[in-house]
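Below is one structure, written out as structure tokens; comments come after it.
Protein chains in written order, with the working numbering: chain A, 35 to 341; chain B, -18 to 235.
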């Protein structure tokens, strides 16, 4: 109960803090409205949606692969998206083309992983996991190659993209729709997820249509990851950490775990993005640095407390 | 009622049985016997509709066991797996409650009835005091009893137990077998158990199915089937038959 309330409190807190900090940092009365509503709010919303989607994808994949180390990028989605975005950046394309290219890369990676691991109804999560890891490694090599061969002038933008950056994100509306719909679906299927975590045979013996559920979980995780990556680049750590933090706080039912992880992921990323904008102002830092800087000590604290 | 018609089972590189025909009627308690690796678990998985036999048909209440939806099947048939791959982080009570999944309203979750049934199932295996403990902190034998409670909470008509007595002390072996016997007798449920304990087999089962290891299977009433010669052949071990007062049991002759 306490953990539930803390997580909820933690969920809404950063936004309140955000507005407070902003009205302090930018006190000029005429501008403050514009800044808060036209610049900061969409970005904060984008950050929250992105973090929530990553946390959701991480939660789902940890169940699907029954692997505590699974994160949204384990299936090569971020590699595909990064390669797509980097190639577009190297070609000097505009923001829209970059987003589209990232999207295409992510979808291509998912299709390849799925095609290689799902053969005529025979679904093996270990093969899925290994295919994803192997493909990620291949994509990482191609990304390095692109970085080495890319023109000097584009390198900075590329590095930002790779570390995760929300400054290019435009309307977060579609991401919010995806987040709301997928979270609702995951909560509705929560009991099935609880059982799937016990193993495929066990879930099937208790009446779960395992094949269909696994496909749905894979699809939902893939959509969430692609939406998040297109919005904010390859932001690490949240998808891995948010579900574990909630689990460590004692929540094990997916009915509660899924929404809490989404709230926590969204909150962390909103918080981290605020820090990324303000810590070195006016210089903006990649948000990926801050998710790890905030997340690592928090996670270590939770792990230490567990004993 | 569960029925096998000329079922053939095989694992890669090995034929386990070639033509098994048997009918598991309501009220019967079956023991499945055989050496390690003779296909007892494969048979249980096939009976539970988790895998398909390589040949033949398995019917649950007149319909192919794999033709029924997983949910409908789980209401009629419960299976205790020998090994559970996943780890469960919730409480003992929540674990038992998962057995109510096939009966629960799909989106709404578990109701008050489900909780009452789970509580009485925990009570039956003597684990009520552990309800709030985390499942992962239990000992092997305690975990086994909770796993059995989950199947009891599932309330199926056909119970398939793959090694129900593993990890259990003698008192709890007796408890579990008496629960199974009572359910078969009073509720007319069917029980099929993979057993290794020659101490219990002849006394607690009405029927037996012996996998001989060479593709041959013997199935029938326990009284006729469980002879010293057949068991010696099945296990490749000299046995001695002992009168236990309320029935026979077998001990190794060493």
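We put the beta carbon where it would ideally sit given N, CA and C, even for glycine. Only a predicted model underlies this, so the values are computations on that prediction, with no experimental measurement involved.
- With contact defined as three or more Cβ pairs closer than 8 Å, the region 158 to 176 of chain B and the region 200 to 217 of chain B are not in contact.
- Per DSSP, the continuous beta strand (DSSP E) segment holding residue 233 of chain B begins and ends at 229 to 233.
- Put simply, the CB of residue 321 of chain A is far from chain B, with every gap to its CB atoms at 8 Å or more.
- If you draw a straight line from the Cα of residue 92 of chain A to the Cα of residue 226 of chain A, it comes to about 17 Å.
- Judged by DSSP secondary structure, residue -9 of chain B falls within the beta strand (DSSP E) whose first and last residues are -17 to -8.
- Assignment of residue 35 of chain B by DSSP, reduced to helix, strand and coil, places it in the coil class.
- Residue range 10 to 15 is occupied by the beta strand (DSSP E) that includes residue 11 of chain B.
- Per DSSP, the unbroken alpha helix (DSSP H) holding residue 84 of chain A starts and ends at 75 to 98.
- Taking the Cβ atoms as the reference, residue 84 of chain A lies roughly 10 Å from residue 273 of chain A, outside the contact range of under 8 Å.
- Pairing residue -3 of chain B with residue 20 of chain B gives a Cβ-Cβ distance under 8 Å.
- Following the DSSP letters along the chain, one finds residue 300 of chain A inside the alpha helix (DSSP H) bounded by residues 288 to 312.
- Rounded to the nearest whole angstrom, the CA to CA distance from residue 155 of chain B to residue 185 of chain B is 9 Å.
- Secondary structure of residue 68 of chain B (DSSP, three-state): coil.
- Excluding five sequence positions before and after residue 76 of chain B, the CB atoms of its chain that fall closer than 7 Å to its own CB belong to 69, 116, 127, 131, given in chain order.
- Scanning chain A for C-beta atoms nearer than 9 Å to the C-beta of residue 96 of chain B yields nothing, as the closest lies near 14 Å away.
- Around the beta carbon of residue 168 of chain B, fewer than 16 other beta carbons sit within 10 angstroms, so the residue counts as exposed.
- The three-state secondary structure of residue 105 of chain A, taken from DSSP, is coil.
- If you check each beta-carbon in the region 24 to 37 of chain B against every beta-carbon of chain A, the ones closer than 7 Å belong to 29, 31.
- Residues of the region 276 to 306 of chain A whose Cβ lies closer than 8 Å to any Cβ of chain B, in chain order: 281, 286, 287, 289.
- Using a CB distance cut-off of 8 Å, residue 98 of chain A does not count as an interface residue toward chain B.
- DSSP places residue 108 of chain B in the coil class of the three-state scheme, outside both helix and strand.
- Chain-ordered, the chain A residues with CB closer than 8 Å to the CB of residue 83 of chain B read 240, 241.
- Within chain A, the residues whose beta carbon sits less than 7 Å from that of residue 79 of chain B are 228, 229, 240, listed in sequence order.
- Secondary-structure assignment with DSSP links residue 193 of chain B through no beta bridge to anything.
- Nearest Cα to residue 165 of chain B within the set B/54, B/-8, B/5, B/-10: B/5.
- The region 98 to 111 of chain A and the region 286 to 295 of chain A do not touch, with fewer than 3 CB-CB distances between them shorter than 8 Å.
- Ranked by Cα distance from residue -6 of chain B, the first of B/35, B/182, B/90 is B/35.
- With contact defined as three or more Cβ pairs closer than 8 Å, the region 6 to 14 of chain B and the region 318 to 329 of chain A are not in contact.
- Per the Cβ contact rule, the region 301 to 315 of chain A is not in contact with the region 111 to 126 of chain A (fewer than 3 Cβ pairs under 8 Å).
- The beta carbon of residue 267 of chain A does not come within 8 Å of any beta carbon belonging to chain B, so the residue lies off that interface.
- Annotation: the continuous beta strand (DSSP E) that includes residue 199 of chain B extends over 198 to 202.
- In the three-state reduction of the DSSP assignment, residue 268 of chain A falls in the coil class, being assigned neither a helical nor a strand state.
- Residue 91 of chain B sits in coil when the DSSP states are folded into three classes, being neither helix nor strand.
- For residue 186 of chain B, no pairing in a beta bridge is given by DSSP.
- Taking all protein chains shown into account, residue 111 of chain B has 16 or more neighbouring C-beta atoms within 10 Å of its C-beta and is therefore buried.
- Chain B places a beta carbon closer than 8 Å to that of residue 233 of chain A, counting this residue as a contact.
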